[in-house]
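Residue numbers (this note's numbering), protein chains in the order written: chain Y, 1 to 396; chain V, 397 to 792. Following: one structure in structure tokens, then a few remarks.
Number of protein chains: 2
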Amino acid sequence: MSEIRIPLGFKTAGVACGIKKNDKKDLALIVSDSLAEAAGVFTKNQVKGHSLKWTMDKVKNNKIKAVVINSGNANACIGSKGDRDAERIADITSKHAGCDKCQVLLGSTGVIGFPLPMEKIESGLYEAFSQLGSGNSKDAACAIMTTDTFPKEVSIDISLSGKKVTLYGMAKGSGMIHPNMATMIGVLLTDAFISQEMLQNALIAVVNKSFNRISVDGDTSVCDMVIILANGKAANKKITQENEDYETFVAALEKISVSLSRMLAKDGEGATKLIEIHVKNAPDNDTAHKISSSIAKSPLVKTAMFGHDANWGRILTAAGYSGAVFNQDMIDIFIGDLLVCKNGVGLSFDEDKALEILKQDEVKITVDLKMGNSEDIMWTCDFSYDYVKINSAYRT
Amino acid sequence: MSEIRIPLGFKTAGVACGIKKNDKKDLALIVSDSLAEAAGVFTKNQVKGHSLKWTMDKVKNNKIKAVVINSGNANACIGSKGDRDAERIADITSKHAGCDKCQVLLGSTGVIGFPLPMEKIESGLYEAFSQLGSGNSKDAACAIMTTDTFPKEVSIDISLSGKKVTLYGMAKGSGMIHPNMATMIGVLLTDAFISQEMLQNALIAVVNKSFNRISVDGDTSVCDMVIILANGKAANKKITQENEDYETFVAALEKISVSLSRMLAKDGEGATKLIEIHVKNAPDNDTAHKISSSIAKSPLVKTAMFGHDANWGRILTAAGYSGAVFNQDMIDIFIGDLLVCKNGVGLSFDEDKALEILKQDEVKITVDLKMGNSEDIMWTCDFSYDYVKINSAYRT
């Protein structure tokens with residue numbers, strides 16, 4: 001997955017239209033040569049942004065030609081003007097792209113409660129269309145960032161019915177990432193030929209194993225989504241049911257989604273490391289997930305990881321208040337491959353070895369319940385001074 | 397509630413026995429002249445400390461003579477030695493106090509997974525008994541602290557059937573405070589004459605309006621409890637049912653418990669201010685509490701408060717992911733008495749006024765759902781650099 005390539009028939013652009021300060025890119029455009037099947041998964045927050053509502057509505061019954069995403073302003077909680085602005089962005093885009101406004105999807109991320117600067121966006125769109133190309137996806141990946149420190153994109157090639165098919169994804173975090181779909185936007189593109197129904201099924205299956213397995217601070221936002229466009233340009237045999245091609249496609253989609261998810265967790269606000277929480281041998285999936293999620297959200301676990309402190313008591317504590325039922329006297333906890341708690345009791349482990357593990361930029365915590373065969377994985381990051389710094393004055 | 401007085405017939409002491417470094421007090425002792433009725437409310441964490449388990453077991457069927465609480469070590473997750481150590485502390489105490497070991501309650505708070513230094517505790521108990529007095533409750537309040545920055549105690553006098561009755565409380569926080577009963581220990585003492593049943597009822601009613609309404613970081617711990625002892629020395633007419641005296645008693649108990657709870661939130665780890673979240677005009681209590689709790693736990697709201705940032709979008713966002721159902725287009729949000737969001741839409745408010753409000757050491761956030769008559773209050777604190785600092789190296 002080293003060299004990034006976007007699928008056949010897609011072009012992208014990313015420009016700075018002036019929503020963000022300091023000439024940072026803030027408007028991303030993606031256009032497909034032909035109308036694409038599309039699917040989406042959206043925030044579960046009861047409060048929803050205006051751009052998000054547009055996209056949730058349009059993705060259901062339309063083939064899609066273009067996607068416009070702005071960063072720096074969430075277009076949320078503005079009242080009816082927010083809805084009108086969303087429609088207007090779609091309308092302007094559709095005139096450039098030569099499609100119906102219902103064939104344009106939108107995304108907005110950033111501060112809540114301020115109207116979008118529509119003149120800037122309008123001229124930004126004009127510029128973005130002039131820059132559309134197949135080799136500049138990084139510009140688009142940069143333009144969707146808020147507090148992310150690096151753009152996140154990944155691509156992979158697979159073979160379906162003898163044809164080369166490309167899957168590409170870009171995503172942004174980096175605070176408020178939490179199931180489900182919190183302040184994260186993911187755009188997945190593929191030239192695979194696949195029905196809308198199977199595309200939606202694939203997306204839901206994959207999101208639950210990737211983007212919904214990240215937690216940065218437990219907050220979930222009002223504007224967040226993962227969408228996928230499939231324009232069929234690879235000319236593979238159309239996927240219309242669960243067959244071998246579908247499995248291959250889903251596996252590849254999962255691969256790029258997990259890869260993006262890990263990047264999102266690693267780039268959590270102020271993060272110095274990626275933390276993978278692996279709960280295994282649980283009696284069922286729900287138990288495993290309750291525990292992994294509780295540990296991933298615990299500020300005490302996350303600050304301990306920042307401080308290179310092998311404080312397994314906090315891991316056990318977070319498991320204990322997760323709501324899951326388990327046997328305290330059977331639980332084993334590993335930090336990396338170091339057993340620190342056996343059968344619920346702390347071991348006198350090698351602190352130097354622990355420190356060495358905790359100083360890596362990826363740390364794995366394993367919790368073994370010894371009760372069954374189910375497991376769950378969550379990705380999170382540590383909790384640092386910089387998280388507080390970034391979030392104490394974000395709006396101003 | 398200015399001058400602190402402990403009720404008739406109680407004596408306390410607080411000593412430094414060497415569990416904590418730097419000669420800090422770490423062993424608190426409370427003894428009642430006569431056997432007292434007792435009641436308790438305990439952590440809901442599935443993992444429970446050994447001292448806590450002792451107390452949960454003994455409080456049910458015994459009158460109580462003494463309470464011993466150590467800080468610096470949670471006596472949790474040690475295996476059977478932890479249970480034996482708890483019993484041994486009770487046994488030693490009972491010999492000093494002249495009672496049965498089942499009449500001794502225990503508490504432990506601090507780091508998880510290390511055995512208690514029993515020799516230090518044994519000699520500490522000896523010293524504590526030599527220092528017992530009725531004027532040194534502050535020593536005991538200091539000895540139960542972990543990362544608290546100040547001891548928390550409060551007392552109040554009331555009149556029951558013509559007799560003066562005193563209620564006293566001490567508590568410790570300060571991280572991991574969250575419903576239910578997380579890393580907090582509260583000890584309430586009264587000379588009221590009241591049946592065990594009514595004492596337990598009163599405690600449960602009051603805890604739900606006070607200690608269970610605090611959140612510092614959403615973590616809940618394995619050792620935490622509120623216990624109350626009532627020794628009857630005030631010689632009021634015994635409370636055995638819900639009558640006027642009971643109501644007076646509960647109101648006073650609530651007053652001291654709310655007072656302690658606010659101190660706990662204000663002294664949350666690294667906190668610079670107390671934040672009160674008031675959700676009003678909710679359709680029912682559950683909706684109100686889901687929203688207040690979600691806002692109180694949000695790291696993004698708490699960091700914004702630290703940064704004096706009137707970021708109401710984060711407040712609305714936290715309400716949105718609380719799981720409560722409400723009408724986004726009706727919600728009003730106040731910071732102090734400043735309306736910042738009306739009917740779900742941001743107002744262009746006076747930022748200088750907002751800054752002035754946010755710079756106070758107590759900030760009230762009000763969320764008006766305009767859907768009914770129910771309300772809920774939560775107390776929390778802001779999220780600062782110092783929270784991270786305190787928690788990134790707690791164990792070492």
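Each residue gets a CB set at the ideal place from its N, CA and C atoms; glycine is no exception.
State yes or no: is the C-beta of residue i within less than 8 Å of the C-beta of residue j?
i	j	result
Y:Lys280	Y:Thr366	yes
Y:Glu153	Y:Ala141	yes
V:Leu625	V:Leu585	yes
V:Glu622	V:Val437	In the sequence as displayed, the identity of residue 622 of chain V is Val instead of Glu. Result yes, Cβ atoms of V:Val622 and V:Val437 sit closer than 8 Å.
V:His704	V:Leu751	yes
Y:Asn231	Y:Gly9	yes
V:Glu771	V:Ala647	no
Y:Val340	Y:Ala310	yes
Y:Thr149	Y:Lys172	no
V:Gln499	V:Asn458	yes
Y:Thr43	Y:Ala74	no
V:Leu521	V:Val583	no
Y:Val31	Y:Ala97	yes
Y:Thr12	Y:Leu132	yes
Using a C-beta cutoff of 8 Å, does residue i count as contacting chain Y?
i	result
V:Met577	Bear in mind that a pLDDT of 37 at V:Met577, under 50, signals an unreliable position, so the number given afterwards is only what the model happens to contain. It does not; no Cβ of chain Y falls within 8 Å.
V:Tyr522	no
V:Gly503	no
V:Trp708	yes
V:Ile485	no
V:Phe779	yes
V:Asn441	yes
V:Thr683	no
V:Val741	yes
V:Phe510	yes
V:Tyr717	yes
Could you have a look at residue i and say whether DSSP puts it in helix, strand or coil?
i	result
Y:Val47	coil
Y:Ser134	coil
Y:Ser403	Missing from the structure shown is residue 403 of chain Y; chain Y here goes from 1 to 396 and no further.
V:Gly664	coil
Y:Met305	helix
Y:Ile177	Its pLDDT being 46, under 50, Y:Ile177 is placed unreliably in this model, and the value from its coordinates should be taken loosely. Looking at Y:Ile177 - three-state DSSP - the assignment turns out to be coil, as it is neither helix nor strand.
Y:Val388	helix
Y:Tyr321	coil
Taking Cβ positions only, does residue i come closer than 8 Å to chain V?
i	result
Y:Phe129	no
Y:Gly336	no
Y:Ala252	no
Y:Leu316	yes
Y:Gly307	yes
Y:Cys77	yes
Y:Gly72	no
Y:Ser392	yes
Y:Ile365	no
Y:Val111	yes
Y:Gly173	no
Y:Val206	no
Y:Gln103	no
Y:Gln360	no
Y:Val325	yes
Does the beta-carbon of residue i have 16 or more other beta-carbons within 10 angstroms, so that it is buried, or is it exposed?
i	result
Y:Asn327	exposed
Y:Val325	exposed
V:Leu595	buried
Y:Lys60	exposed
Y:Gly135	exposed
Y:Arg84	exposed
Y:Gly162	exposed
V:Ala598	buried
Y:Gln241	exposed
V:Pro511	exposed
V:Asn608	buried
Y:Asn373	exposed
Exercise for review: Evaluate the contact criterion for the region 694-707 of chain V versus the region 20-32 of chain Y: three or more CB pairs, one atom per stretch, below 8 Å.
Suggested key: No, they do not touch.
Check your understanding: Using 8 Å as the threshold, is the region 154-164 of chain Y in touch with the region 251-259 of chain Y, meaning 3 or more CB pairs across them?
Key -> yes
Check your understanding: Counting pairs of beta carbons, one from the region 770-781 of chain V and one from the region 667-684 of chain V, are three or more of them closer than 8 Å?
Key -> yes
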